[in-house]
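Following: one structure in structure tokens, then a few remarks.
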Amino acid sequence: MITIGHRGASYGRFSIKPGQSRSLYGSRARDYSKWALIGVTMDLAEYGRRARAWLDAHPPTGDDVAAARSYMADLYDAGYSGITWPAEWGGQGLTQAEERAFAAVARDYTLPIYVFSIGLGMCGPTLVDLGTPEQKTRHIRRLLRGEDIWCQLFSEPGAGSDVAALQTRAAEDNGEWVVNGQKVWTSVAQHADYGLLLTRTDPSVPKHRGLTMLIVDMHAPGVTVRPLKDMTGRAHFNEIFFDDVRVPADCVVGQVGEGWNAAVTTLLHERLSISSGVGMSGEKDNPTSFAALSKVADTSDPVVRDQLVELYIRSRALALFNQRLAQETKAGIFPGARGSAAKLLLAELTTFSADLAVDLVGPEALVEGHPLANALALSPALALGGGTNEIMRNIVGDRVLNLPPEPRVDKNVPFNELKVNS
Amino acid sequence: MITIGHRGASYGRFSIKPGQSRSLYGSRARDYSKWALIGVTMDLAEYGRRARAWLDAHPPTGDDVAAARSYMADLYDAGYSGITWPAEWGGQGLTQAEERAFAAVARDYTLPIYVFSIGLGMCGPTLVDLGTPEQKTRHIRRLLRGEDIWCQLFSEPGAGSDVAALQTRAAEDNGEWVVNGQKVWTSVAQHADYGLLLTRTDPSVPKHRGLTMLIVDMHAPGVTVRPLKDMTGRAHFNEIFFDDVRVPADCVVGQVGEGWNAAVTTLLHERLSISSGVGMSGEKDNPTSFAALSKVADTSDPVVRDQLVELYIRSRALALFNQRLAQETKAGIFPGARGSAAKLLLAELTTFSADLAVDLVGPEALVEGHPLANALALSPALALGGGTNEIMRNIVGDRVLNLPPEPRVDKNVPFNELKVNS
Amino acid sequence: MNLLLSAEQQDLRAAVRSFLSNVNPRDGYDPAVYGRMNGELGLAGLVIPDEYGGAGGGISDLSVVLVETGAALLPGPFLATTLATLALLECPDKELLSGIAEGRINAALAWEDRPLVLGGMEADVLILVTGEPSLVAVEGFGREPVETIDITRGMARVSLDGATTRVLGRPSDRVHDLAMVAIAAEQLGVLRESLAAIVSYAKVRVAFGRFIGSYQGVKHKLADMHCALEQAESLVRHAAWTADAAPDELPLAAALAQAYVGRACFQAAKDSLLLHGGIGFTWEHDAHLYFKRAKSDEVLLGPPRLHRSRLAALLGLS
Amino acid sequence: MNLLLSAEQQDLRAAVRSFLSNVNPRDGYDPAVYGRMNGELGLAGLVIPDEYGGAGGGISDLSVVLVETGAALLPGPFLATTLATLALLECPDKELLSGIAEGRINAALAWEDRPLVLGGMEADVLILVTGEPSLVAVEGFGREPVETIDITRGMARVSLDGATTRVLGRPSDRVHDLAMVAIAAEQLGVLRESLAAIVSYAKVRVAFGRFIGSYQGVKHKLADMHCALEQAESLVRHAAWTADAAPDELPLAAALAQAYVGRACFQAAKDSLLLHGGIGFTWEHDAHLYFKRAKSDEVLLGPPRLHRSRLAALLGLS
């Protein structure tokens, strides 16, 4: 896990709280069944020492995108980007062991590689899983070297929780796809070179069956990126408008009409990428943490102490749950949908602690510039992004507890006969 | 409102907490549109004074059923039973004003009339609404005089929240109905002379359409009443078994096949009867009340004080809500489904306060015989009876907030093709 | 006890609601709007006695208005001037009260130990509660604007250096109690509108082919919010009634209202925002304005635990 | 830190679970069952060192067992003897420990100022924590049975008049900490089974033509219960691990586990009962047994606020 150097970091389809960490290499780091355990034996302690030496010797030179690209290229050239990714496409082809050794060291540093997080965590892994050899050759190495920045284009104003209700159309024309529509909640789109775009290519079949995933060149004519101001007063995300954007036929990821399966792959990587970071680190910069609030609250009041204890209990309960998931993962037990429980708990802890923090500090906490003012305004983000709390509860109920499904009214109805948002 | 003299009082389809009060005359007391405001003018203060004098002069003579019958007869003969019920069938035909004047006085007494509460609160009002003239003549006066005890027979083991899924069959045979099946959660059935019984007379139509309500003689051959031991270790309710019980044709309430409408009428009276009593009185005997717990808890601990304050806040918030509903009702504003909000809040307050009470008092509270041990074991009752908390939330959502309905899978399917509990 | 609105109060509510229907919370303080509000509707003078040019209304009347200004997130110093007015009623000052009633004077209520003052930038005069306790009218005070998360109305950091002060009298605790009732009334409005907004949205927003309000995950939360609203409304009516008709009961009723309604209001605003999904997180949507007003109001007189410990004291727990 | 079960612990769990699958919580204390449990499975001696005839297991092993005995609502004095054993480990007594390991002796842990003793009727010996602090073995004490809402196991009101006492040593706080961990492990089992019961029921019970588990009103509550279970399980594993491997961290971990798991367990048992509907309120159904065990366990060492204030102290808040 590496803490990304970006205040109020956001990624994926939505934002996360500051101090949140995530795996630099997305879910690859935990995918034992595919690339790992190749049998490389080496001195891990030595590997970690060398990584530390390298990181010490290469402090970030700036926090703009150009500096990030340059840093990422150096990181790649030093062998620390894509550690477990297949060597065939530009990864290092090493094992979990090295990945973990590097992560353990890197936790002490703040790497300026935020803009690459969507590519590394979601888009890259999806291409590795589903891309054509040409697509992998074209993109993976450049992605790992920071030459290309990627974003993910799924959510729409009318399709949030219900991603498959999306309305962005891609129509065939002369062997190309012509895309029209709007996406939203897109992180790093303003810097992105490529996007993984989910489109509707057949509205006459039920909604999950008429989708196709495309690789879109974000510099193509007709692509407009507009920052989306959120309730913090800042723009952590973008809206993207597609106006007759032409996409070559060889940019389809997976099969035409199989976009939903491709999206599920991407979202699985997103969720792993989130849950792997949940509660694991970054607490030291969090103004709503128990440690931070214990310093500023009036602990002479026993009721305040009790409130702080509640925060401590919830924080530790979640942190230990995450550690257990991490230990299970290391031991080869895949967390699956249980990661959604961790994400739900973190979302609730985040709103709870921001609320409590303001109560403890009082009106001064709400003055612009106070860390808690920002923390409060950002606190709903995790409960909305990457699946709302309600969606998480559905996932836990359906996939962990195997409860009977909700009756679905939208399963077998052609999309163009379905009730959707306008 | 009159507090009924029965510890751990229970009624209707389910139980309520001790100290709960209810209207002696069910929802009639609030039904302005029909019988009230007939224009009788009299000195209400004098009416109240006379009632007090009568109540002072007639202390209960025992707490068995015979004494209750005798007391009820006296109450009726004195003119204090069925105050607003139509004179035509044996009521007093007076107005809300007298009813309220009597209720205000009667609140200071504990009347031993618990066994009549289902008849007075639910069965009687249903008969007045839907019964034939013969049925009213036969039953209403006897009911008001305490000559007959009534119970209500709707719920079944496989049909709780979903009453209309009931499976008790009534089949026509030689101009009579032959009833087979089982009912449950029936208060006072062990003393009852009559029951309002909901049966399925046509399983080939959707479930709400094949029901019929019958008046059943509880002394008829084939009726077996068995006490149902609940989690308090006592039997507040009964199970009733019907084994080829024959019911004459003139005992149908309303129309054959229209039993659901009749049941809705009854349940409406039940709900009004409950919500009218909610939080209004009886707190003095409640061991989980703020007043009671303030005396026994260690209030030197500020955290305990804060917990007691939470209890106080919730109790007062609900009590004031109930008072507002009562004032609105007096002013002619019918509470409707908002009463379900009050019932839900009381159910939650009841479980909350019993839980808190035990925490405040400690292990001694759980010793058999301690008032809190009983209060804790009884605390779930209100969240289950008269509609679970989930049903209450549906009602508030659907009927107060007018939210869109859940899709119904059971609306148009013939009952005998429907998924039901076995 | 009376927990119902009179016919006059219902008319008042309708008039205020209609007036406020054109107010946008993002427009900031608009003296022209306040001019009409205090002129046509006479809201600034609502609780000011006739002799000072007011309407001589009660706290129950005022709370009807504050519920509506809260629901509309009326920007500007209305609440601030109202709180100052309520303090002035304790130590009446003809000049100030008539000025407020006429809409000429904006005022703000301040406590000696709290430098952040709601409405401090717009205030012509500060009504200061000192530790003595004294109520002091302060003019010519220093101030600088303080931006908070609540963009609909500002605060100021004030300094009394070089200010002109005039002692108005010795106020009772009623100043604080009435402030609690007034803020609870505003919070009730914020709660009501937060619920109304998400109820409306739940009836039109579709997910998975159904209106989201048909899902129990949403419906049951909204039902709980409705329960909170019913209780909050009852508590505010009760507290206002005690202020008018049973002053001995006011301290308990005011602390009770503030303790319950403040929490319930923020919870409702938060849940409303969350149930809106992503759109609720955008700047353009109003959900965050309610969320931020709710939190600002909740801590305005101090955090909830203070109201709760006051309740404990009033209830004789110790 | 290790939060996972070893292969041996998984085998132990399977063995205990299998053994307990035939135990009915309503059957009361059955010495024959205990004989087999302590014989075949050696549970009474699990954490007793080899030298006293035990298996020399750790608290992590014990907690695996207690989760299962909790889930099965094992009747009788198993927890009581376990708590006494944990205390004896602090001031070892060969005779008592070997007797317990062999299954010959039932013991119960008592505190000087608490006359209600879990397992007091079945206990051959009381292990008493006095204020000195001393750990004292007490025999020949007076006792009378106390029925509580938890019918699956009894308490006694004990009196020390005329009892034989023998001071075993000076115990540390670890006695209390280990008791907290042991009870938290049992609570975890009660929580797990409460959830499992309602999950099963929600898959077969029909209302309005659908399985009730398909309603979000039910599903989301069960999801929240699952979240609580995951956290509770992590906290219990962690506390047990500290007892075995990081004793300095035990006090905090134990108070943390008890504070969280006790609450979560009762909430789960209550929600499980409520979501069963009417059937959950009947005597015949087991839901109330879990509900009552959960509440009994929660206050056994004192109400939750005590664990929380202990946490506050351990965290240096003041």
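Chains as they are written, first to last, in our numbering: chain A, 132 to 553; chain B, 132 to 553; chain C, 61 to 378; chain D, 61 to 378. Backbone N, C-alpha and C fix where the C-beta goes; we use that ideal spot for every residue, glycine too.
message: In this structure, how does DSSP classify Pro89/D when only helix, strand and coil are distinguished?
response: Translated into positions along the fourth sequence, residue 89/D becomes position 29. First, the residue type needs correcting, since residue 89/D is Tyr and not Pro in the sequence shown. Tyr89/D falls in the coil class under three-state DSSP.
message: Looking at chain B, is there any beta carbon in it that lies within less than 8 Å of the beta carbon of Cys325/C?
response: Translated into the one-based positions of the third sequence, residue 325/C becomes position 265. In terms of beta-carbon proximity, Cys325/C stays away from the interface with chain B, with every pair separated by 8 Å or more.
message: If contacts are defined as beta-carbon pairs under 8 Å, then Gln438/B and Leu491/B qualify, I think. What distance do you get, rounded to the angstrom?
response: For the purposes of this step, residue 438/B is identified with residue 307 of the second sequence, where counting begins at 1. For the purposes of this step, residue 491/B is identified with residue 360 of the second sequence, where counting begins at 1. Indeed, because the Cβ distance is near 7 Å, the residues count as touching under 8 Å.
- request: Would you mind stating whether Met344/A and Ala302/A have Cβ atoms separated by less than 8 Å?
  value: Numbered from 1 along the first sequence, position 213 holds the residue referred to as residue 344/A. Numbered from 1 along the first sequence, position 171 holds the residue referred to as residue 302/A. The beta carbons of Met344/A and Ala302/A sit no closer together than 8 Å.
Below-8 Å beta-carbon distance, Leu359/A vs any chain D residue: Position 228 of the first sequence, counted from the first residue, corresponds to residue 359/A. Not a single C-beta of chain D is nearer than 8 Å to the C-beta of Leu359/A.
- prompt: Among Asp110/C, Ser378/C, Arg370/C, Lys330/C, which has the Cα closest to the Cα of Pro311/C?
  reply: On the third sequence, position 251 is the one that residue 311/C refers to. A check of alpha carbon separations from Pro311/C across Asp110/C, Ser378/C, Arg370/C, Lys330/C identifies Arg370/C as the nearest.
- prompt: Thinking C-alpha only, which one of Leu72/C, Leu377/C, Ala167/C is nearest Asp432/B?
  reply: As a working note, residue 432/B is residue 301 in the second sequence. Considering only alpha carbons, the answer is Leu377/C.
- prompt: Considering only residues of the segment 437 to 511 of chain B, which uninterrupted alpha helix (DSSP H) runs meet the minimum length of 4 residues and lie entirely inside it, listed in chain order?
  reply: For the segment 437 to 511 of chain B, whole alpha helix (DSSP H) runs of length 4 or above, ordered along the chain, are 469 to 492, 502 to 509.
message: Taking its Cβ as the centre, do 16 or more other Cβ atoms sit within 10 Å of Val227/C, making it buried, or is it exposed?
response: The count along the third sequence starts at 1 and reaches residue 227/C at position 167. Classification of Val227/C: exposed, given that the 10 Å Cβ count is below 16.
- prompt: What are the residues of the segment 200 to 214 of chain C that lie near chain A, defined by any Cβ-Cβ distance shorter than 8 Å?
  reply: Those residues of the segment 200 to 214 of chain C that come within reach of chain A (Cβ to Cβ, closer than 8 Å) are Val206, Glu207, Thr208, Ile209, Asp210.
- request: Just the C-alpha distance for Leu399/B and Leu515/B, rounded to the nearest angstrom, thanks.
  value: Numbered from 1 along the second sequence, position 268 holds the residue referred to as residue 399/B. Numbered from 1 along the second sequence, position 384 holds the residue referred to as residue 515/B. Leu399/B and Leu515/B have their C-alpha atoms roughly 17 Å apart.
- prompt: Based on Cα-Cα distance, which residue from Gln321/B, Leu275/B, Pro243/B lies nearest to Leu258/B?
  reply: Locating residue 258/B in the second sequence gives position 127, where the first residue counts as 1. Residue Leu275/B is the option with its Cα nearest to Leu258/B.
- prompt: Nearest-angstrom Cα distance between Leu476/B and Ser66/D?
  reply: Mapped onto the second sequence, residue 476/B falls at position 345. Mapped onto the fourth sequence, residue 66/D falls at position 6. The straight-line gap from Cα to Cα measures roughly 46 Å.
field: N-terminal and C-terminal residue of the beta strand (DSSP E) that Leu186/D is part of
entry: Here residue 186/D is taken as the residue at index 126 of the fourth sequence, counted from 1. Annotation for Leu186/D: the continuous beta strand (DSSP E) segment containing it runs 185 to 189.
query: Can you list the residues of chain A that Leu282/C reaches, using a CB-CB cut of under 9 Å?
result: The residue labelled residue 282/C in the question sits at position 222 within the third sequence. Those do not exist, as Leu282/C stays about 12 Å from chain A at its closest Cβ, beyond 9 Å.
- prompt: Which same chain residues, not among the five before or five after Gly262/B, have their C-beta less than 7 Å away from its C-beta?
  reply: Indexing the second sequence from 1 puts residue 262/B at position 131. So the qualifying residues of the chain are Val384.
query: Residues of chain B with a CB under 9 Å from the CB of Gln276/C: which are they?
result: Taking the third sequence and counting its residues from 1, one reaches residue 276/C at position 216. Result: Glu521, Arg524, Asn525, Gly528, Glu537.
- request: State the Cα-Cα distance for the pair Leu149/D and Ile119/D, rounded to the nearest angstrom.
  value: Against the fourth sequence, residue 149/D aligns to sequence position 89. Against the fourth sequence, residue 119/D aligns to sequence position 59. Computed Cα separation, rounded: 11 Å.
query: Between Tyr245/B, Arg181/B, Arg273/B, which lies nearest to Tyr207/B when the distance is taken from Cα to Cα?
result: In the second sequence, residue 207/B corresponds to position 76, counting from 1. The shortest C-alpha separation from Tyr207/B is found at Arg273/B.
field: Range of the contiguous beta strand (DSSP E) that encloses Ala204/B
entry: Numbered from 1 along the second sequence, position 73 holds the residue referred to as residue 204/B. Element bounds for Ala204/B: not the beta strand (DSSP E) but the alpha helix (DSSP H), 196 to 208.
- request: Report all residues from its chain with a CB closer than 7 Å to the CB of Asp348/A; omit the five preceding and five following residues, and keep chain order.
  value: As a first step, residue 348/A is located in the first sequence; it is residue number 217 there, counting from the start. Short of 7 Å from the beta carbon of Asp348/A, and not among the five residues preceding or following it, lie these beta carbons of its own chain, in chain order: Tyr325.
message: By the 8 Å beta-carbon criterion, what residues does the segment 248 to 278 of chain B contribute toward chain D?
response: When CB distances to chain D are screened at a threshold of 8 Å, not a single residue of the segment 248 to 278 of chain B falls below it.
task: Using three-state DSSP, classify Asn547/B as helix, strand or coil.
output: As a first step, residue 547/B must be located in the second sequence, where it is residue number 416. If DSSP states are grouped into helix, strand and coil, Asn547/B belongs with the helices.
message: Please list, in chain order, the residues of the segment 339 to 364 of chain B that have any C-beta partner in chain D closer than 8 Å.
response: Cβ contacts with chain D come from Leu359, Lys360, Asp361, Met362, Gly364.
- prompt: Taking only beta-carbon atoms, is Val359/D less than 8 Å away from chain B?
  reply: Walking along the fourth sequence from the start, residue 359/D turns up at place 299. True, the Cβ-Cβ gap to chain B drops below 8 Å.
- prompt: How long is the line joining the alpha carbons of Val378/A and Arg524/B, rounded to whole angstroms?
  reply: Translated into positions along the first sequence, residue 378/A becomes position 247. Translated into positions along the second sequence, residue 524/B becomes position 393. If you take the alpha carbons of Val378/A and Arg524/B, they lie about 49 Å apart.
message: Can you tell me whether Ser248/B is buried or exposed? The criterion is at least 16 other CB atoms within 10 Å of its CB, across all chains shown.
response: Here residue 248/B refers to the residue found at position 117 when the second sequence is read from its first residue. Within 10 angstroms of the beta-carbon of Ser248/B lie 16 or more other beta-carbons, which makes it buried.
task: Would you verify that the beta carbon of Leu334/D is, or is not, closer than 8 Å to some beta carbon of chain B?
output: As a position in the fourth sequence, residue 334/D is number 274, starting the count at 1. Output row for Leu334/D: interface = yes.
message: Output needed in chain order: residues of the segment 205 to 222 of chain A with a Cβ under 8 Å from some Cβ in chain B.
response: For the segment 205 to 222 of chain A, the set of positions with a beta-carbon nearer than 8 Å to some beta-carbon of chain B is empty.
query: So, Thr145/C versus Gly249/C, is the Cβ gap smaller than 8 Å?
result: Numbered from 1 along the third sequence, position 85 holds the residue referred to as residue 145/C. Numbered from 1 along the third sequence, position 189 holds the residue referred to as residue 249/C. Inclusion of Thr145/C and Gly249/C in the CB contact set at 8 Å is not warranted, their separation being larger than that value.
- prompt: Interface residues of chain B around Pro379/A at Cβ under 7 Å?
  reply: The sequence position of residue 379/A within the first sequence is 248, counting from 1. Neighbours of Pro379/A on chain B: none; closest Cβ ~43 Å, over 7 Å.
query: Looking at the unbroken beta strand (DSSP E) that takes in Tyr325/A, where does it start and where does it end?
result: Sequence index remark: in the first sequence, residue 325/A carries index 194 (1-based). Segment 325 to 331, the beta strand (DSSP E) holding Tyr325/A.
- prompt: Cβ of Glu81/B less than 8 Å from any chain C Cβ?
  reply: Given that chain B is displayed from residue 132 to residue 553, the structure contains no residue 81/B and the question cannot be resolved.
- prompt: Taking the C-alpha atoms as reference points, what is the distance between Arg447/B and His286/C?
  reply: Locating residue 447/B in the second sequence gives position 316, counting from the first residue. Locating residue 286/C in the third sequence gives position 226, counting from the first residue. Those two C-alpha atoms are separated by around 17 Å.
task: Would you mind stating whether Lys281/D and Gly273/D have Cβ atoms separated by less than 8 Å?
output: Here residue 281/D corresponds to residue number 221 of the fourth sequence, with the count starting at 1. Here residue 273/D corresponds to residue number 213 of the fourth sequence, with the count starting at 1. No, the Cβ-Cβ distance between Lys281/D and Gly273/D is not below 8 Å.
message: Please confirm whether Glu401/A has its beta-carbon closer than 8 Å to some beta-carbon of chain C.
response: Along the first sequence, one-based indexing puts residue 401/A at 270. It does not: the Cβ of Glu401/A has no partner Cβ on chain C nearer than 8 Å.
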